[in-house]
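Residue numbers (our numbering), protein chains in the order written: chain D, 1 to 117; chain H, 1001 to 1113.
C-beta atoms are modelled at their ideal positions from N, C-alpha and C, and glycine is treated no differently.
Have a look at the structure below before the remarks.
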Amino acid sequence: GAVVSQHPSWVICKSGTSVKIECRSLDFQATTMFWYRQFPKQSLMLMATSNEGSKATYEQGVEKDKFLINHASLTLSTLTVTSAHPEDSSFYICSARDLNRAANEAFFGQGTRLTVV
Amino acid sequence: AQSVTQPDIHITVSEGASLELRCNYSYGATPYLFWYVQSPGQGLQLLLKYFSGDTLVQGIKGFEAEFKRSQSSFNLRKPSVHWSDAAEYFCAVGTGTASKLTFGTGTRLQVTL
């Protein structure tokens, strides 16, 4: 149980285009999901908290108009990187909170490696 | 705000030697504590976690960690390292819930044969 699937695993896009990343909870409902970013050889930094049916909460310094988050269902959150630039190249990973687990533990997807050329 | 410190950026050990990776946190109460491992180009794999109870936690792949409240630490240990353990190790804490996590900067483990 508690499986989170992220798609795609990797994507290459041209500078100026937009890219959508999906995060799905496969066997549980997730009213809250989290999006993290990891630059090469660095740690994971929380970008935003995605809330089903409401606006996402962004961490300080994260541009909400650039990183659009939609959490339209209890099992799916999407992150769209708009007008991507090479500096957006990173590893993006989501987690989904399972309210049926102790301490509302969240489980991670396998991540998406984005390369902007 | 909570913070997580992994003092060792890079550690090299010989195969078969013991390992201890350090993790210290700053938080007023007992946080939820995790250790993850990440191989190059891969996602995160949960090694173990501590929520409450016995302060010595057993995980996968022969790893264990001990929560020490007095030292605000959650160090990861393995008695005998295998070459396949070479990877990046992250300590993470959750405060309030075990869902929204703050990660340490990571420790890169190199294993020599």
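Between the CA atoms of residue j and residue i - distance to the nearest angstrom
| i | j | result |
| --- | --- | --- |
| GLY1016(H) | THR1107(H) | 19 Å |
| PRO8(D) | LEU1109(H) | 28 Å |
| LEU1056(H) | LYS14(D) | 49 Å |
| VAL3(D) | PHE107(D) | 7 Å |
| LYS1114(H) | SER1018(H) | For chain H, the structure presents residues 1001 to 1113; residue 1114(H) sits outside this window and is missing. |
| VAL1013(H) | GLY1(D) | 35 Å |
| GLU59(D) | TYR92(D) | 15 Å |
| ASP98(D) | ILE1009(H) | 32 Å |
| ALA96(D) | GLY1041(H) | 21 Å |
| VAL116(D) | CYS1023(H) | 34 Å |
| VAL1004(H) | LYS1061(H) | 24 Å |
| ASN104(D) | LYS1049(H) | 13 Å |
| SER50(D) | LEU68(D) | 10 Å |
| PRO40(D) | GLN110(D) | 16 Å |
| THR1105(H) | SER1080(H) | 24 Å |
| TYR1036(H) | SER5(D) | 18 Å |
| ALA1086(H) | SER1039(H) | 8 Å |
| LEU1101(H) | TYR1089(H) | 15 Å |
| LEU1047(H) | LYS55(D) | 33 Å |
| ASN100(D) | THR1097(H) | 12 Å |
| HIS85(D) | GLN1006(H) | 31 Å |
| PHE1103(H) | GLN1002(H) | 10 Å |
| THR80(D) | GLU87(D) | 15 Å |
| GLU1064(H) | GLY1028(H) | 24 Å |
6 Å CB neighbourhood of residue i in its chain, flanking five on each side removed
| i | result |
| --- | --- |
| THR118(D) | Residue 118(D) is absent from the structure shown; chain D starts at 1 and stops at 117. |
| THR31(D) | GLU52 |
| SER1072(H) | ASN1024, TYR1025 |
| ARG37(D) | MET45, MET47, SER90, TYR92 |
Continuous beta strand (DSSP E) stretch holding residue i: start and end
| i | result |
| --- | --- |
| VAL116(D) | 112-116 |
| SER5(D) | 4-7 |
| ALA96(D) | 90-97 |
| GLU1064(H) | 1064-1068 |
| SER73(D) | 67-73 |
| LYS14(D) | Note, LYS14(D): premise wrong, no beta strand (DSSP E); not H, not E. |
| LYS1049(H) | 1044-1050 |
| VAL1093(H) | 1087-1094 |
| ARG1077(H) | 1073-1078 |
| ARG1108(H) | 1107-1112 |
| LYS1038(H) | The displayed chain sequence assigns Gln, not Lys, to residue 1038(H). Residues 1032-1038. |
Beta-carbon proximity list for residue i, same chain, < 7 Å, skipping 5 on both sides
| i | result |
| --- | --- |
| LEU1113(H) | GLU1015, TRP1083 |
Proximal chain H residues relative to residue i, where beta-carbon distance stays under 8 Å
| i | result |
| --- | --- |
| ILE93(D) | GLY1043, LEU1044 |
Chain H residues whose Cβ lies nearer than 9 Å to that of residue i
| i | result |
| --- | --- |
| PHE34(D) | SER1099, LYS1100, LEU1101 |
Cross-chain neighbours of residue i in chain D, by beta carbon under 7 Å
| i | result |
| --- | --- |
| GLY1106(H) | SER43 |
Amino acids of chain H, ordered along the chain, whose beta-carbon sits closer than 7 Å to that of residue i
| i | result |
| --- | --- |
| ARG97(D) | SER1099 |
Residues of its chain near residue i, where Cβ-Cβ distance is below 8 Å and the 5 sequence neighbours each way are ignored
| i | result |
| --- | --- |
| ASP27(D) | GLY1, ALA2, VAL3 |
| ILE1011(H) | LEU1019, LEU1021, THR1107, ARG1108, LEU1109, GLN1110 |
| ASP65(D) | THR82 |
Under 9 Å from the C-beta of residue i: neighbouring residues of chain D
| i | result |
| --- | --- |
| PHE1090(H) | SER43, LEU44 |
query: For the region 103-117 of chain D, which residues have a beta carbon sitting closer than 9 Å to at least one beta carbon of chain H?
result: ALA103, ASN104, GLU105, ALA106, PHE107, PHE108, GLY109, GLN110, GLY111, ARG113
field: Within 7 Å of chain D by C-beta, residues of the region 1042-1066 of chain H in sequence order
entry: GLY1043, LEU1044, PHE1051
- request: Please name the residues in the region 77-90 of chain D whose beta-carbon is closer than 7 Å to at least one beta-carbon of chain H, in chain order.
  value: none
message: Output needed in chain order: residues of the region 1006-1030 of chain H with a Cβ under 9 Å from some Cβ in chain D.
response: GLN1006
message: Under 9 Å, CB to CB, which of the residues in the region 49-70 of chain D have a partner in chain H?
response: THR49
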